[in-house]
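Novice: Please find one structure pasted underneath; my questions will follow.
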C-alpha cells in the first residue's frame, strides 16, 4: 500500500513538471513574433515613420519595404542601393543601441557602391541642450532648420564627415567605405511622425537617402515579415529552437529527472520478481472442503464420531492400550489406575461420543477443547 502511494506521488510530480515545461514553451510571450511600430514605416504613433514614408511616396521617390532578414538582402547582387535601418524607441530607451560594427559581408556590400543608413546609432551624452534647431550642413546656403531632441553627439574624426551637427558634435555623420558609405544618426526620431510640423526634417532625410537608384527600408527588425519568411521560420524544429535558448537546459533537466523518477519509483529496469507457485496440499484441501460441507449440513454427529474416535486412540496410545478401540469400561479403568484421577470428566466425553446426537457449535468446540486438555494432562 505504501509503495503504491509513493508511485502515485512520483507520477503526479512527473506530470506537474511536464505541464510546467509545456506552459513555458507555449504560454510564455513570444518576442520573436511581436511587431514594434516605433521606428517602422507602418507605425502611426509619434515614434513611427509612416508619415515620412507617405511623404516619399508622394514625391514619387522609389522606396520599398524589406521584410526579410538583412543577411538575405546582402546575398542579392545589387548595386547603387540605399538600405535604411531605423532603430525602435524601445531599444533606444533601454540603451540597447550600440555602435554598429560592420560584418565582413556588410563591409563588402557597402564598398561595392551601396549606402547603409542607420538611424538611432548609440552615442554618448554631451552638454548640448536636449532640444535644438540645427542648420543643414549638406546645403549651407539653404534655410533648412532641422529639429533635434537629444543630447547625444558623435565626435567626428578623420574617417567620418559631419552632415548635421553643432559645436557639441555631429548628430548625423557619414563614413566612406570603398565606393559606398554608411550614414549614421544619433537620434532615432530624425523624421518621425511627431515632426510632421517640421517638414525640413523630412526633406533632410529624403536628401540623405535619395542619392542611389533604389531605397529599401528594413521592416523585419520591427517584426514585419513576408509570407515566405514566416513559413520558413515555422519549419524550424522545436528542439533546434530550444538549443538556441536557455530553455534547452531546462528541457534536458526535465528529461533526466523524469528518467530517474521512473527508474526509482517503478523499477522497470531491475530484475523481475518471479512469484512463488503455491504448493497445493490435497489432504488439507480435502479436509477444508469436507468441513465446509459438514458445517452447511449441520452434521455435528459425524464430526463427533470421527473426532471422538481419533481422540480416544490418542488417549489409548498414551495409556498403552494399543490402536484398536476398547470398550468404555476398560478405558476408564486404565485411566484411574495410571493417572490416579477421577474418570468422571472422561466418562462424560465418552458418553457424547456414543450418543451420536447433534450438538450446537459452541458445545462441539467445548467438547474438543476438553478432549485436548485430557490428552495433554
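Residue numbers (our numbering): 1 to 377. Beta carbons are placed, not taken as given, at the ideal position from N, Cα and C, and that holds for glycine.
(1) Of all the alpha helix (DSSP H) runs that stay within the bounds of the stretch 68 to 136, which reach a length of 4 or more residues?
(2) What residue from 69, 362, 372 has the CA that sits closest to residue 307's CA?
(3) What runs of the alpha helix (DSSP H), each 4 residues or longer, lie entirely inside the stretch 318 to 365?
(4) Thinking just about the alpha-carbon of each residue, which of 209, 68, 210, 103 is nearest to the one in residue 227?
(5) Along the alpha helix (DSSP H) that carries residue 229, what are the first and last residues, could you check?
(6) Would you list the one or two residues that DSSP bridges to residue 217?
(7) So for residue 185, helix, strand or coil by DSSP?
(8) Decide if residue 366 is buried, meaning its Cβ has at least 16 other Cβ atoms within 10 Å, or exposed.
(9) State the Cα-Cα distance for the pair residue 155 and residue 124, rounded to the nearest angstrom.
(10) Determine which residues share a DSSP beta bridge with residue 166 and list them.
(11) Assign residue 292 to one of two classes, buried (16 or more other C-beta atoms within 10 Å of its C-beta) or exposed (fewer than that).
(12) What's the C-alpha gap between residue 194 and residue 147?
(13) Name, in chain order, the residues that DSSP records as bridge partners for residue 160.
(14) How far does the beta strand (DSSP E) with residue 203 in it reach, from first residue to last?
(15) Quick one, are the C-beta atoms of residue 216 and residue 83 less than 8 Å apart?
(16) Are the beta-carbon atoms of residue 328 and residue 375 separated by less than 8 Å?
(17) Between the stretch 179 to 195 and the stretch 36 to 49, do three or more beta carbon pairs fall short of 8 Å?
(18) Leaving out five residues before and five after residue 115 in sequence, what residues of the same chain have Cβ atoms less than 8 Å from its Cβ?
(19) Note the first and the last residue of the continuous alpha helix (DSSP H) segment covering residue 149.
(20) State buried or exposed for residue 129, treating a residue as buried only when at least 16 other CB atoms are found within 10 Å of its CB.
(21) Comparing C-alpha positions only, which one of 163, 132, 351, 259 sits nearest to residue 149?
(22) Comparing C-alpha positions only, which one of 324, 39, 303, 157 sits nearest to residue 313?
(23) Write down the C-beta distance between residue 65 and residue 233 rounded to the nearest angstrom, noting that I regard them as a contact closer than 8 Å.
(24) Please name the residue, chosen from 304, 103, 275, 336, that lies closest to residue 319 on a Cα-to-Cα basis.
(25) For residue 48, does the three-state DSSP call read helix, strand or coil?
(26) For residue 40, does the count of other Cβ atoms within 10 angstroms reach 16, so buried, or fall short, so exposed?
(27) Would you kindly work out how many angstroms separate the C-alpha atoms of residue 170 and residue 151, rounded to a whole number?
(28) Given a threshold of 16 other Cβ atoms within 10 Å of its Cβ, counted over all protein chains shown, does residue 106 qualify as buried or as exposed?
(29) Using CA atoms only, rank isn't needed, just tell me which of 104, 369, 304, 54 is closest to residue 203.
(30) Comparing alpha-carbon positions, which option in 157, 127, 224, 101 lies nearest residue 36?
(31) Any idea if residue 257 is buried or exposed, counting beta-carbon neighbours within 10 angstroms, 16 or more meaning buried?
(32) Going along the chain, which residues of its own chain have a beta-carbon closer than 8 Å to the beta-carbon of residue 352, five neighbours each way excluded?
(33) Go ahead and pull the three-state DSSP assignment for residue 223.
(34) Relative to the C-alpha of residue 343, which residue among 364, 121, 127, 315 is closest?
(35) Tell whether a beta-carbon distance below 8 Å holds between residue 134 and residue 166.
(36) Identify every residue that forms a DSSP beta bridge with residue 152.
Specialist: In brief:
(1) 70 to 74, 89 to 93, 104 to 111
(2) 372
(3) 328 to 339, 344 to 355
(4) 68
(5) 227 to 234
(6) 65, 84
(7) strand
(8) exposed
(9) 9 Å
(10) 169
(11) exposed
(12) 11 Å
(13) 175
(14) Run containing residue 203: none in the beta strand (DSSP E); it sits in the alpha helix (DSSP H), 199 to 209.
(15) yes
(16) no
(17) yes
(18) 81, 82, 83, 180, 181, 182, 183, 209, 211, 212
(19) Residue 149 -> not in any alpha helix (DSSP H); beta strand (DSSP E) instead, spanning 145 to 149.
(20) exposed
(21) 132
(22) 324
(23) About 18 Å; that fails the 8 Å criterion.
(24) 336
(25) coil
(26) buried
(27) 11 Å
(28) buried
(29) 54
(30) 224
(31) exposed
(32) 304, 308, 359, 367
(33) coil
(34) 315
(35) yes
(36) 125
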